[in-house]
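Just so you know, the sequences run in chain order A and B. What the first sequence shows, in the working numbering, is residues 35 to 304, in sequence order. What the second sequence shows, in the working numbering, is residues 36 to 120, in sequence order. Every residue gets a Cβ at the ideal spot worked out from N, C-alpha and C, and that includes glycine. These numbers come from a predicted model, not from an experiment. Data block below; observations after.
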Amino acid sequence: MAEIIVVTSGKGGVGKTTTSASVACGLARRGKRVVVIDFDIGLRNLDLIMGCERRVVYDFVNVIQGDCTLKQALIKDKRLETLHVLAASQTRDKDALTAEGVRRVLDDLIADGFDYILCDSPAGIEKGAHLAMYYADRAVVVVNPEVSSVRDSDRILGLLASKTQRAEQGNGGVKEHLLLTRYNPRRVASGEMMSVDDVKEILGLDVIGVVPESPDVLAASNAGVPVILNDESDASRAYDDAVARLLGENLPLRFLEEPKRGFFARMFGG
Amino acid sequence: MGLLGLFRRTPTSASVAKERLRIIVAQERTVRGSPDYLPLLRRELLQVIHKYVNVDPEAVQINLGQEEGHEVLELSVALPEKTRA
Numbered sequence: 035m036a037e038i039i040v041v042t043s044g045k046g047g048v049g050k051t052t053t054s055a056s057v058a059c060g061l062a063r064r065g066k067r068v069v070v071i072d073f074d075i076g077l078r079n080l081d082l083i084m085g086c087e088r089r090v091v092y093d094f095v096n097v098i099q100g101d102c103t104l105k106q107a108l109i110k111d112k113r114l115e116t117l118h119v120l121a122a123s124q125t126r127d128k129d130a131l132t133a134e135g136v137r138r139v140l141d142d143l144i145a146d147g148f149d150y151i152l153c154d155s156p157a158g159i160e161k162g163a164h165l166a167m168y169y170a171d172r173a174v175v176v177v178n179p180e181v182s183s184v185r186d187s188d189r190i191l192g193l194l195a196s197k198t199q200r201a202e203q204g205n206g207g208v209k210e211h212l213l214l215t216r217y218n219p220r221r222v223a224s225g226e227m228m229s230v231d232d233v234k235e236i237l238g239l240d241v242i243g244v245v246p247e248s249p250d251v252l253a254a255s256n257a258g259v260p261v262i263l264n265d266e267s268d269a270s271r272a273y274d275d276a277v278a279r280l281l282g283e284n285l286p287l288r289f290l291e292e293p294k295r296g297f298f299a300r301m302f303g304g
Numbered sequence: 036m037g038l039l040g041l042f043r044r045t046p047t048s049a050s051v052a053k054e055r056l057r058i059i060v061a062q063e064r065t066v067r068g069s070p071d072y073l074p075l076l077r078r079e080l081l082q083v084i085h086k087y088v089n090v091d092p093e094a095v096q097i098n099l100g101q102e103e104g105h106e107v108l109e110l111s112v113a114l115p116e117k118t119r120a
């Protein structure tokens with residue numbers, strides 16, 4: 035049975051799409067059949083982060099409106115065999131997404147035998163964000179250790195607990211996880227940035243991953259290669275750990291402390 | 036910062052952020068899930084009460100709770116002391 039996971043945050047620019055792309059790759063790399071759907075109608079971007087922007091012919095709204103088959107709209111990843119992308123439509127019609135339409139596409143994907151359906155939510159709490167979370171079994175709430183992001187995440191947690199199908203049906207609700215991005219251990223150590231424990235305490239949720247702030251993330255989006263595929267990067271290792279935890283592995287958090295610089299690095303590293 | 040500054044412990048900006056968030060998040064959670072008309076209801080009730088008694092806006096509290104399967108709207112008004120009468 036497929037699991038539907040929404041990647042959400044409330045606030046924009048915290049790393050939802052980066053996270054969706056990397057988690058999707060991470061799951062696919064472990065042999066899972068994965069589809070990642072861009073719910074940001076009118077502001078399509080997942081395709082760029084995944085590096086498949088030139089292969090988008092049909093999109094999510096085309097499928098909902100019956101302009102094409104689901105199979106025609108699914109973009110097969112060139113790197114990972116079991117990974118597929120469903121791009122957002124660039125329409126400006128706010129009503130292009132409907133609850134019934136989304137349900138139908140999700141049911142078709144489930145019938146197709148996908149293991150994981152990742153829903154990359156748009157920022158905000160409007161229709162796209164609402165529909166991205168509505169049918170979810172689990173939620174990954176992406177948060178930066180920063181006041182506005184943490185507050186907005188709490189708003190989103192409130193919506194997950196009330197405005198989702200699982201909440202309405204009262205069958206245990208959506209399982210929620212926190213994923214911290216842009217984490218800067220040096221600034222945490224000097225008291226300039228809230229720590230993982232601070233954020234965890236305020237939001238009262240378990241942390242499924244902490245991704246250190248890294249220049250590799252921008253480099254990855256520049257190249258259209260999700261950062262998890264850059265084996266040299268700490269951000270990649272952090273995302274891979276998060277994927278393992280999503281799959282039930284019990285791993286300690288890494289990269290919470292500033293890497294110790296060796297003698298030579300301090301002498302010559304600048 | 037003078038020498039005295041070394042002894043005065045100013046809280047770090049991260050701990051200020053955490054404290055501010057703790058308060059606002061707790062406050063926003065109390066109204067979470069309550070209907071959107073609650074703030075308006077509170078304001079209008081306050082206007083009515085104000086016609087008869089001079090109460091402090093902060094002295095009117097409205098809570099929506101669950102009790103044995105049904106919803107309870109609880110209104111609490113702290114009346115001013117009568118000393119000024």
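Below 8 Å on C-beta distance, what does Arg185/A contact in chain B?
For the purposes of this step, residue 185/A is taken as the residue at position 151 of the first sequence. Correct list: Leu56, Ile59, Val60 and Glu63.
Can you find the residues in the same chain that come closer than 7 Å, C-beta to C-beta, to Asp268/A, ignoring five residues on each side of it along the sequence?
As a first step, residue 268/A is located in the first sequence; it is residue number 234 there, counting from the start. Within the same chain, Asp268/A has close Cβ partners Pro246, Ser248 and Phe289.
Using a Cβ-Cβ cut-off of 9 Å, state whether Met227/A counts as contacting chain B.
As a working mapping, residue 227/A is identified with position 193 in the first sequence. Closer than 9 Å to some Cβ of chain B, the Cβ of Met227/A qualifies, so yes.
Mind listing which residues of the segment 217 to 243 of chain A have their C-beta closer than 9 Å to chain B's C-betas, in chain order?
Per Cβ criterion, the list reads Arg221, Val222, Ser224, Gly225, Glu226, Met227, Met228, Ser229, Asp232, Val233, Glu235, Ile236 and Leu237.
Give, in chain order, every residue of the segment 189 to 205 of chain A whose Cβ lies closer than 7 Å to some Cβ of chain B.
Taking 7 Å as the Cβ-Cβ cut-off against chain B, the residues of the segment 189 to 205 of chain A that qualify are Gly192 and Ser196.
With three or more C-beta pairs closer than 8 Å as the rule, is the segment 207 to 215 of chain A touching the segment 174 to 189 of chain A?
Verdict: yes, contact present.
Look at the alpha carbon of Leu263/A and the alpha carbon of Ser270/A, and state the distance between them as a whole number of angstroms.
Working through the first sequence from its first residue, we reach residue 263/A at position 229. Working through the first sequence from its first residue, we reach residue 270/A at position 236. Using only the alpha carbons, I get a separation of about 7 Å.
Please list, in chain order, all residues of the same chain as Glu106/B whose beta carbon is under 8 Å from its beta carbon, the five residues on each side excluded.
Translated into the one-based positions of the second sequence, residue 106/B becomes position 71. Hits under 8 Å: Leu99 and Gly100.
Is the shortest distance between the beta-carbon of Glu111/B and the beta-carbons of chain A less than 9 Å?
Position 76 of the second sequence, counted from the start, is the residue given in the question as residue 111/B. Residue identity differs from the one stated: residue 111/B is Ser in this sequence, not Glu. So, not an interface residue.
Verify the CB distance criterion: does Glu180/A have a CB-CB separation below 9 Å to chain B?
For this step, residue 180/A is matched to residue 146 along the first sequence. With 9 Å as the cut-off, Glu180/A counts as an interface residue toward chain B.
How many angstroms separate the CA atom of Ser48/B from the CA atom of Glu226/A?
Translated into the one-based positions of the second sequence, residue 48/B becomes position 13. Translated into the one-based positions of the first sequence, residue 226/A becomes position 192. So the two alpha carbons sit approximately 5 Å from each other.
Ser69/B versus chain A: which residues are under 8 Å apart at the beta carbon?
Position 34 of the second sequence, counted from the start, is the residue given in the question as residue 69/B. Ordered by position in chain A, no residue passes the 8 Å Cβ test against Ser69/B, which lies about 11 Å from the chain.
Figure out for me which residue from Arg77/B, Gly104/B and Glu103/B has the closest Cα to the Cα of Val112/B.
Sequence index remark: in the second sequence, residue 112/B carries index 77 (1-based). Of the listed residues, the one whose Cα sits closest to Val112/B is Arg77/B.
Residues of chain A with a CB under 8 Å from the CB of Ala94/B: which are they?
Counting from 1 along the second sequence, the entry for residue 94/B is found at position 59. Near Ala94/B there are no residues of chain A at all, since even the closest Cβ is about 27 Å away, more than 8 Å.
So who's on the other strand from Ala173/A, going by DSSP bridges?
Indexing the first sequence from 1 puts residue 173/A at position 139. Beta-bridge pairing links Ala173/A to Val40/A and Glu210/A.
Just to check my reading of the structure: Ile84/B and Val66/B have Cβ atoms closer than 8 Å, yes? What is that Cβ distance to the nearest angstrom?
Your numbering for residue 84/B matches position 49 in the second sequence. Your numbering for residue 66/B matches position 31 in the second sequence. Contact doesn't hold; Cβ gap of about 20 Å is too wide.
Confirm, please, whether the CB-CB distance from Leu61/A to Val241/A is below 9 Å.
For the purposes of this step, residue 241/A is identified with residue 207 of the first sequence, where counting begins at 1. For the purposes of this step, residue 61/A is identified with residue 27 of the first sequence, where counting begins at 1. Cβ distance not < 9 Å, so Val241/A and Leu61/A don't count as in contact.
Here's a check: name, in chain order, each residue in its chain whose Cβ is nearer than 7 Å to the Cβ of Leu117/A, leaving out the five neighbours to either side.
Residue 117/A sits at position 83 when you count from the first residue of the first sequence. Closer than 7 Å at the Cβ level, and outside the excluded window around Leu117/A, lie Ala58, Cys59, Ala62, Val68 and Asp111.
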